[in-house]
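Chemist: I have a structure I would like to understand better, so I am pasting it below and will then ask my questions one at a time.
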Amino acid sequence: MHQPVPHEVAAPAAKLGRAIVVTSGKGGVGKTTTTANLGTALAQRGARVALVDADVGLRNLDIVLGLESRVKYHMLDVLEDKVSLDEALVPDKHSPTLVLLAAAQSREKEDVDTEKMRDLVQNLREHYDYVLIDCPAGIELGFKNAVVGADEAIVVCTPEVSAVRDVDRVVGLLGNRFKPQLIINRLRPQLVKKGKMLSVEDVNAILRLPLLGVIADEPEIIITTNKGEPLALRHEGETASAYHAIAARIAGEDVPAPEPELKESLIDKLGSLFGGKRA
Amino acid sequence: MIEWVKKMFGTPNSSSTAKERLRLVLMTDHLALAPEIIENMKRDLVDVISRYVEVDRDKVEVNFEREDRALAMLANIPIVSVNRPSPPEPPAPTGPPPRRRRRKKPPTQNPAAAH
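Top line first, the protein sequences correspond to chains C and L.
If you read the first sequence in this note's numbering, its first letter stands for residue 2, the second for the next number, and so on.
If you read the second sequence in this note's numbering, its first letter stands for residue 2, the second for the next number, and so on.
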């Protein structure tokens with residue numbers, strides 16, 4: 002009886018997969034969490050997905066996926082021909098069609114050969130439907146290496162002045178080639194309603210990008226990240242559904258861009274009854 | 002009256018403040034990232050003023066300054082002489098002539114204001 006090894010680099014796909022870089026400029030807006038969840042959501046749809054952690058020196062995607070104990074080799078081992086790509090890909094615990102190529106933790110961005118990085122992503126595209134590249138913060142060499150092999154971009158932005166400014170800059174640097182699409186992350190509908198947070202419309206009045214979806218700032222994202230089990234493994238719940246809807250939109254399905262709904266608690270209702278103080 | 006309304010409704014929402022700051026910061030960013038546009042604008046500006054007075058092209062300075070809620074362009078264009086050899090000619094019209102003739106309002110501020 003033969004054992005199927007689903008993570009193994011299978012027969013080349015009939016057509017090239019899509020290489021999508023997940024970027025933002027600013028750090029801490031949720032690029033890695035978004036990459037892990039979208040990769041999981043795409044894999045849950047049956048697509049073959051390779052996640053690439055391009056944040057050399059600050060490896061994190063393995064943690065969010067709960068794969069940190071399984072990483073043996075990293076991207077630079079492949080780029081420097083120490084191991085084959087197949088050996089370095091870590092199969093996901095939960096999704097059989099998902100693999101991770103981890104970043105090198107004890108190396109520097111300067112060690113990455115940009116041209117070899119392009120070839121590596123091209124190689125992955127031949128075997129996977131989606132190659133999602135988790136871009137490091139910043140717009141320097143790490144950013145250049147992360148985008149070199151990509152043909153599309155997803156920009157992650159939180160509703161903050163600094164994050165929007167940085168996305169604006171990154172989109173300017175990307176130019177038209179990457180067809181950037183926007184995910185607004187960590188939105189708090191309550192604060193938007195009270196006029197204390199930029200709304201989706203405010204952000205996109207400035208960025209003017211196709212909106213893939215909006216993810217609310219929900220504690221369950223933190224909890225699932227703590228556990229190393231991406232939220233998109235679940236199929237119910239508003240935030241999990243939002244990741245699945247975004248994945249469907251990436252796959253070309255005509256589903257509406259998810260936006261979190263305002264859930265009013267009793268305290269909010271009481272608060273609005275007595276008129277909350279604005280600031 | 003407006004002050005009274007403002008007091009009634011408290012201070013403006015912080016999201017409006019964020020929007021306003023974002024708008025200004027992006028204008029400044031985009032200008033800083035487009036030096037060639039500023040150079041072209043400077044050249045055109047000097048061309049227009051040179052039709053009326055003689056200016057020192059090498060000493061023209063164009064700066065952008067953020068004032069309270071707006072971005073202002075400040076141009077410093079040194080005038081060498083107001084005696085032009087020939088009277089200024091209106092710029093050649095481009096495209097079809099306008100259907101209606103309307104007197105243009107004179108500018109309230111001189112674009113060549115020194116700062």
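Just so you know, even glycine gets a beta-carbon here, dropped at the ideal spot from N, CA and C.
In this text the structure is predicted, and so the values were computed from the model without any measurement.
Suppose you measure from the CA of C/Leu59 to the CA of L/Ile39; what does that come to, to the nearest Å?
Modeler: Translated into positions along the first sequence, residue 59 of chain C becomes position 58. Translated into positions along the second sequence, residue 39 of chain L becomes position 38. For C/Leu59 and L/Ile39, the distance between alpha carbons rounds to 39 Å.
Chemist: C/Leu183 and C/Leu142 - do their beta-carbons sit closer together than 7 Å?
Modeler: Along the first sequence, read from residue 1 onward, the residue named residue 142 of chain C stands at position 141. Along the first sequence, read from residue 1 onward, the residue named residue 183 of chain C stands at position 182. Result no, Cβ atoms of C/Leu142 and C/Leu183 do not sit closer than 7 Å.
Chemist: Can you check which of these residues, C/Asn38, C/Cys158, C/Ala55 and C/Tyr131, is closest to C/Ala252 by C-alpha distance?
Modeler: Looking up residue 252 of chain C in the first sequence gives position 251. Checked all of C/Asn38, C/Cys158, C/Ala55 and C/Tyr131; the closest Cα to C/Ala252 is C/Tyr131.
Chemist: Given this structure, state the Cα-to-Cα distance separating C/Lys32 from L/Val63, to the nearest angstrom.
Modeler: What you label residue 32 of chain C is simply residue 31 of the first sequence in a count that begins at 1. What you label residue 63 of chain L is simply residue 62 of the second sequence in a count that begins at 1. Taking the straight line from one Cα to the other gives about 40 Å.
Chemist: Indicate whether the contact test is met: 3 or more Cβ pairs, each with one atom in the segment 252 to 261 of chain C and one in the segment 63 to 78 of chain C, closer than 8 Å.
Modeler: Judged by Cβ distances under 8 Å, the segment 252 to 261 of chain C makes no contact with the segment 63 to 78 of chain C, as fewer than three pairs qualify.
Chemist: Rounded C-beta distance between C/Leu283 and C/Ile216? I'm assuming under 8 Å.
Modeler: No answer is possible for residue 283 of chain C: it lies beyond the span of chain C, which begins at 2 and ends at 280.
Chemist: Taking the alpha-carbon positions, what's the C/Val204 to L/Arg67 distance?
Modeler: To locate residue 204 of chain C, count along the first sequence from 1; it is residue 203. To locate residue 67 of chain L, count along the second sequence from 1; it is residue 66. Those two C-alpha atoms are separated by around 22 Å.
Chemist: Quick one: is C/Val171 near chain L, going by C-beta distance under 7 Å?
Modeler: The residue you call residue 171 of chain C lines up with position 170 of the first sequence. No, no contact with chain L.
Chemist: Using a threshold of 7 Å, state whether the C-beta atoms of C/Ala42 and C/Ala233 are closer than that.
Modeler: Locating residue 42 of chain C in the first sequence gives position 41, where the first residue counts as 1. Locating residue 233 of chain C in the first sequence gives position 232, where the first residue counts as 1. Cβ atoms of C/Ala42 and C/Ala233: closer than 7 Å.
Chemist: Looking at the strands, I want to know which residues DSSP matches up with C/Val215.
Modeler: In the first sequence, the residue the question calls residue 215 of chain C occupies position 214. Looking at the DSSP assignment, C/Val215 forms a beta bridge with C/Ile185.
Chemist: Is it buried or exposed for C/Asp135, if we count other Cβ within 10 angstroms and need 16 for buried?
Modeler: Position 134 of the first sequence, counted from the first residue, corresponds to residue 135 of chain C. Classification for C/Asp135: buried.
Chemist: Is the CB of L/Arg70 under 7 Å away from at least one CB in chain C?
Modeler: Residue numbering aside, residue 70 of chain L sits at position 69 when the second sequence is read from its first letter. Not one chain C Cβ lies under 7 Å of L/Arg70.
Chemist: Can at least three beta-carbon pairs, one atom from the segment 13 to 29 of chain C and one from the segment 109 to 119 of chain C, be found at a separation below 8 Å?
Modeler: Result no; under three Cβ-Cβ pairs closer than 8 Å.
Chemist: So the beta strand (DSSP E) L/Phe65 belongs to, where does it begin and stop?
Modeler: Residue numbering aside, residue 65 of chain L sits at position 64 when the second sequence is read from its first letter. Unbroken beta strand (DSSP E) run through L/Phe65: Glu62 to Arg67.
Chemist: Tell me C/Asp135's beta-bridge partners as DSSP assigns them.
Modeler: Residue mapping note: residue 135 of chain C aligns to position 134 of the first sequence, counting from 1. Paired residue(s): C/Val23 and C/Asp54.
Chemist: Under the three-state reduction of DSSP, which class applies to L/Pro108: helix, strand or coil?
Modeler: As a first step, residue 108 of chain L is located in the second sequence; it is residue number 107 there, counting from the start. Note that L/Pro108 scores 45 on pLDDT, short of 50, meaning its location in the model is unreliable; the coordinates nonetheless yield the value given after this. Note: L/Pro108 maps to coil in three-state DSSP.
Chemist: Do you know how far the Cα of L/Ile80 is from the Cα of C/Glu202?
Modeler: Translated into positions along the first sequence, residue 202 of chain C becomes position 201. Translated into positions along the second sequence, residue 80 of chain L becomes position 79. Their Cα atoms are separated by approximately 47 Å.
Chemist: Select from L/Val83, L/Leu75, L/Ser82 and L/Asn84 the residue whose C-alpha is nearest the C-alpha of L/Met42.
Modeler: Residue mapping note: residue 42 of chain L aligns to position 41 of the second sequence, counting from 1. Nearest option by C-alpha distance: L/Leu75.
Chemist: Less than 7 Å between CB atoms is the rule here; does L/Leu23 satisfy it with respect to chain C?
Modeler: Translated into positions along the second sequence, residue 23 of chain L becomes position 22. It does; some Cβ of chain C falls within 7 Å.
Chemist: Pairs of beta-carbons, one from the segment 154 to 161 of chain C and one from the segment 67 to 80 of chain C, closer than 8 Å: are there three or more?
Modeler: Because the criterion of three Cβ pairs below 8 Å is not met, the segment 154 to 161 of chain C and the segment 67 to 80 of chain C do not touch.
Chemist: For the segment 228 to 246 of chain C against the segment 37 to 52 of chain C, do three or more pairs of beta-carbon atoms, one drawn from each stretch, fall closer than 8 Å, so that the two count as touching?
Modeler: The answer is yes - the segment 37 to 52 of chain C touches the segment 228 to 246 of chain C, with three or more Cβ pairs under 8 Å.
Chemist: Looking at the C-beta of C/Asp203, does it have a partner C-beta in chain L at a distance below 7 Å?
Modeler: Your numbering for residue 203 of chain C matches position 202 in the first sequence. It does: the Cβ of C/Asp203 has a partner Cβ on chain L nearer than 7 Å.
Chemist: Considering only DSSP beta bridges, list what L/Pro36 is partnered with.
Modeler: Within the second sequence, residue 36 of chain L is the residue found at index 35, counting from 1. DSSP, once it has assigned bridges, lists no residue as partnering L/Pro36.
Chemist: Check whether the Cβ atoms of L/Ser15 and C/Lys197 lie closer than 7 Å to each other.
Modeler: For the purposes of this step, residue 15 of chain L is taken as residue 14 along the second sequence, with counting starting at 1. For the purposes of this step, residue 197 of chain C is taken as residue 196 along the first sequence, with counting starting at 1. Yes, the pair counts as a contact, with Cβ atoms nearer than the cut-off.
Chemist: Closest to C/Leu125 by C-alpha separation, out of C/Ser85, C/Pro137, C/Asp56 and C/Gln106, would be which residue?
Modeler: Position 124 of the first sequence holds residue 125 of chain C. Cα-wise, what sits closest to C/Leu125 is C/Ser85.
Chemist: When we look at the beta-carbon of C/Glu109 and count the other beta-carbons within 10 Å, is it buried (16 or more) or exposed?
Modeler: Within the first sequence, numbered from 1, the residue matching residue 109 of chain C stands at position 108. That one is exposed.
Chemist: Is the Cβ of L/Ala76 closer than 7 Å to any Cβ of chain C?
Modeler: On the second sequence, residue 76 of chain L is found 75 positions in, with the first residue counted as 1. Closer than 7 Å: no.
Chemist: Please report the straight-line C-alpha distance between C/Leu210 and L/Pro36, rounded to a whole angstrom.
Modeler: On the first sequence, position 209 is the one that residue 210 of chain C refers to. On the second sequence, position 35 is the one that residue 36 of chain L refers to. Looking at the two C-alpha atoms, the distance is approximately 25 Å.
Chemist: Any idea if C/Lys83 is buried or exposed, counting beta-carbon neighbours within 10 angstroms, 16 or more meaning buried?
Modeler: In the first sequence, counting from the first residue as 1, residue 83 of chain C sits at position 82. Burial call: exposed.
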